[in-house]
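For reference, the structure discussed in these notes is given below.
2 protein chains.
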Amino acid sequence: MKWRTTVGDEQEILTEAIAKAMQRADMVIATGGLGPTNDDITKKAICRYFKRPLILYDNILKKIEKRFKQRGIEMPAINQNQALLPQGATFIDNEIGSAVGISIEEDGKLFVAIPGVPSEMKPMIEGWVTDEIKKRSGGVVTIHRKLRTVGIIESALYEKVADLIDPKKQKREAKISVAFLPSWRGVDLRLTVTTNNEELGKKNIEVLEGKVIERIGKYLYGRGEVNLPDVVGELLKSERMTLAVAESCTGGLLGKMITDVSGSSDYFLGGVIAYSNELKMKLLSVPQIILEKYGAVSKECASYMAEGVIQALGANIGVSITGIAGPTGGTEEKPVGLVYVGLAVPGDTKVKECRFGDHRENNRDRSAVTALDMVRRYLAGIE
Amino acid sequence: MKWRTTVGDEQEILTEAIAKAMQRADMVIATGGLGPTNDDITKKAICRYFKRPLILYDNILKKIEKRFKQRGIEMPAINQNQALLPQGATFIDNEIGSAVGISIEEDGKLFVAIPGVPSEMKPMIEGWVTDEIKKRSGGVVTIHRKLRTVGIIESALYEKVADLIDPKKQKREAKISVAFLPSWRGVDLRLTVTTNNEELGKKNIEVLEGKVIERIGKYLYGRGEVNLPDVVGELLKSERMTLAVAESCTGGLLGKMITDVSGSSDYFLGGVIAYSNELKMKLLSVPQIILEKYGAVSKECASYMAEGVIQALGANIGVSITGIAGPTGGTEEKPVGLVYVGLAVPGDTKVKECRFGDHRENNRDRSAVTALDMVRRYLAGIE
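As given, the protein sequences belong to chains A and B, one line each in that order.
Using our numbering, read the first sequence as starting at 1 and increasing by one per residue.
Using our numbering, read the second sequence as starting at 384 and increasing by one per residue.
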């Protein structure tokens, strides 16, 4: 992907953007604006640029009607618009929604329009569009590798590997470029090579990947499209252990992330969202004296919460989170961003003190990720 | 915003993109690529386009060093790069991270570069950038209104208001355009007018907004930037009622959404994530016979879960979610996407049967939104 343009819902500007992109590239992909309402103008711009009329496709109309019938919803009349499509185009099936993808080939260049709703767009990109790109690439391949890390900041990670990834130190052919992609949930390293010597490209990228992995060690939790909750799930499954959560400031986020994984019921029993102090006592057996003496945001409380949830739910591992997510509720002694994350197994409990920042969503995300990483490290025998 | 271009981390292409944008517009905003690592090339492209050198700004270096010190992290040497900035530029403070924003004015046109990390970008856009746009707009104003709906699909909503929003039926001056913005969490209507007659624009948009609101009635949950969990929270506060959740297939997502709201501890006690049947019995007192006779995904189980969580947690209102999120686990009788959402208050319980689709994330999101909307409707006395 070399160039991406985004414009508003104005037909003239969109038509101009399509024209410029068709000059610039051999393949152009447009997303969005294929819905039934009058602000969905992509089809009109396509017809204008390619000088083709919209015609009604009966077979597509029948599919749309069938979809509504299956959902048990009466089809609003305007959804008929979605069967009005440019003459002579090729259509791409939509498994999720009622807007089909549109493709038009002209002068050896390919134009594709697909819906903007991510859940509809993604299968089309990964299926039909990817297949077309492969067909048309003329032997030039791009190879990616993704290394996913957690628990280390971008610049520290960079310093660990800077000498390895310097393009000046690489051979001239099939050089690997490396991008750092930071988010609150960790930093990804993306290795890329574009070459017409696929074999050499693969070899170079694998050699570099191996060296990088050696340097980043315990911070690496996965390669490719794997997520931290997947990794934790696989470890739990292979150790035949069950997990339960006790959440205060994250309010359910940790459980949500664990159950993002289909099949998580194999190892995740459930948890307790103990937002109030009363519930910490009632459901997790945190002693009142602990709350009075140390407060709910304390190492001691996190420890009791993790132990309490093992007891209450009968799990092998319990994790707990208690902290001040903010933006309010901080004090000098216990500022916003102070979070305790606990991990308990029968007979052994540890608690990590974290000092994040002022941002509520950030603090909650990082708390949940820290809890998952503690489970990962425990199961993988790290530290 | 008329035109947006996205390019990869290639200096030449980025420089070209800046050049084209500066031709096209009076103000250009670039985001991203201001980090310390060698794939962060925006500054280099700026220097190339504006023909200025990078120089070290001591005052900015001191601020970056101070930030690391406060976080208790040793500053990696490469973060010094972030004090190397184009000569003669104006800088925009970053409250969250170490990359400052950069602004350069030339030939009456303004170029601005800000970090791409959303939490750092947003305050700069809402503060400095918005102020500059206002200063430079020459009396032309754009007025937006956002109406947020839940529980109705885009095309059905469109049909309710189609005649009202037809631009042909509006007066020539200060016409209102309406966009429909659907997501799994509901459909937003965005009303927009751009005019140099601010008074007329405001009047027109308010009149149309009033008419639209009349038509969409109970589906409207808020105006402007308010979210459904905020609305539910305000209603709970004003009724002085407390809420607890019992989640199965959503695994904590509903609690997470409720606690996205700062201050939710005023009305949210907590909840139980009962992912396994054992926990539905143990923590929520769902009778074993109910699970055997009707299964965990049933109207009856949802009903017991909502009642059980009121009992266990001592809340005024309990909501429950049990369903088959998918992609596996469906049967002919109980397909993926079948979800029961329950709401209980002492002496009264209702359960809604939902049939969503095949997509796990979508099903979980829509389940949680349905639960929130049931609480909203209950408290607002709708239906």
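C-beta: ideal position from N, C-alpha, C; glycine also.
Model, not experiment: these values are computed from the prediction.
- Under the three-state reduction of DSSP, C430 (chain B) is assigned to helix.
- By the beta-carbon neighbour count (other beta carbons within 10 angstroms, threshold 16), I60 (chain A) is buried.
- Per DSSP, the continuous alpha helix (DSSP H) segment holding M504 (chain B) begins and ends at 501–507.
- In the DSSP assignment, Y340 (chain A) falls within the beta strand (DSSP E) that extends over 338–345.
- In this structure, the CA atom of L189 (chain A) is about 34 Å from the CA atom of I273 (chain A).
- Neighbours of Y658 (chain B) in chain A, taken as residues at a C-beta separation under 7 Å, are given in chain order as T259, S265, F268, L269, G270.
- Of the candidates B:E542, B:K452, B:L591, B:L591 places its Cα closest to the Cα of I559 (chain B).
- When rounded, the separation of the alpha-carbon atoms in D409 (chain B) and G480 (chain B) is 28 Å.
- Closest option to M664 (chain B), judged by alpha-carbon separation, among B:S686, B:K594, B:L530, B:D490: B:S686.
- Cβ-Cβ separation between L34 (chain A) and A99 (chain A): approximately 4 Å, consistent with a contact (criterion under 8 Å).
- Chain order gives the chain A residues near P710 (chain B) as S262, where near means a beta carbon separation below 9 Å.
- At least 7 Å separates the CB of R185 (chain A) from every CB of chain B.
- Taking 7 Å as the threshold, the shortest C-beta distance from A302 (chain A) to chain B does not fall below it.
- Within 8 Å of the CB of K452 (chain B), no CB atom of chain A is found; the nearest one sits about 13 Å away.
- Around the C-beta of L283 (chain A), 16 or more other C-beta atoms lie within 10 Å, and the residue is accordingly described as buried.
- For F356 (chain A), the closest C-alpha among the options A:G326, A:E12, A:I55, A:E225 is that of A:G326.
- Cβ proximity to chain B below 9 Å picks out A244, V245, E247, S248, C249, T250, G251, G252, L253, L254, G255, K256, M257, I258 from the segment 243–258 of chain A.
- Each of B:K639, B:Y658, B:G534, B:I641 was checked against the Cα of S265 (chain A), and the nearest Cα belongs to B:Y658.
- Nearest CB-CB separation between N94 (chain A) and chain B: not below the 7 Å threshold.
- For S502 (chain B), the chain A residues whose Cβ falls inside 7 Å of its Cβ are H359, N362, in order along the chain.
- Distance from the CA atom of I321 (chain A) to the CA atom of S681 (chain B), rounded to whole angstroms, is 32 Å.
- Between the segment 367–376 of chain A and the segment 335–346 of chain A, the count of C-beta pairs closer than 8 Å reaches three or more; the two stretches touch.
- Under the three-state reduction of DSSP, A695 (chain B) is assigned to helix.
- Nearest to I317 (chain A) by alpha-carbon distance, out of A:K293, A:R240, A:E333, is A:R240.
- Contact check between the segment 726–737 of chain B and the segment 756–765 of chain B: three or more CB pairs, one atom from each, fall below 8 Å, which counts as touching.
- The segment 47–115 of chain A contains, as complete beta strand (DSSP E) runs of 3+ residues, the segments 54–56, 84–86, 90–92, 101–106, 109–114 (chain order).
- Taking a cut-off of 8 Å for Cβ pairs, the segment 535–549 of chain B and the segment 487–497 of chain B do not touch, as fewer than three such pairs fall below it.
- Nearest CB-CB separation between E159 (chain A) and chain B: below the 7 Å threshold.
- The DSSP-derived three-state label of A19 (chain A) is helix.
- Annotation for T328 (chain A): no beta strand (DSSP E) segment contains it, and DSSP assigns it neither H nor E.
- If you ignore the 5 residues before and after P550 (chain B), its C-beta comes within less than 6 Å of the C-beta of K558, all in its own chain and listed in chain order.
- Per DSSP, reduced to three states, the secondary structure at G139 (chain A) is coil, with no helix or strand assignment.
- Put simply, of A:L253, A:S183, A:T149, A:L200 the residue whose alpha carbon is nearest the alpha carbon of E173 (chain A) is A:L200.
- The beta carbon of G270 (chain A) is closer than 7 Å to those of A244, L313 in its chain, skipping five residues each way along the sequence.
- M384 (chain B) is classed as exposed because its beta carbon has fewer than 16 other beta carbons within 10 Å across all chains shown.
- Taking the Cα of G471 (chain B) as reference, the smallest distance to any Cα among B:R435, B:Q463, B:V609 is reached at B:R435.
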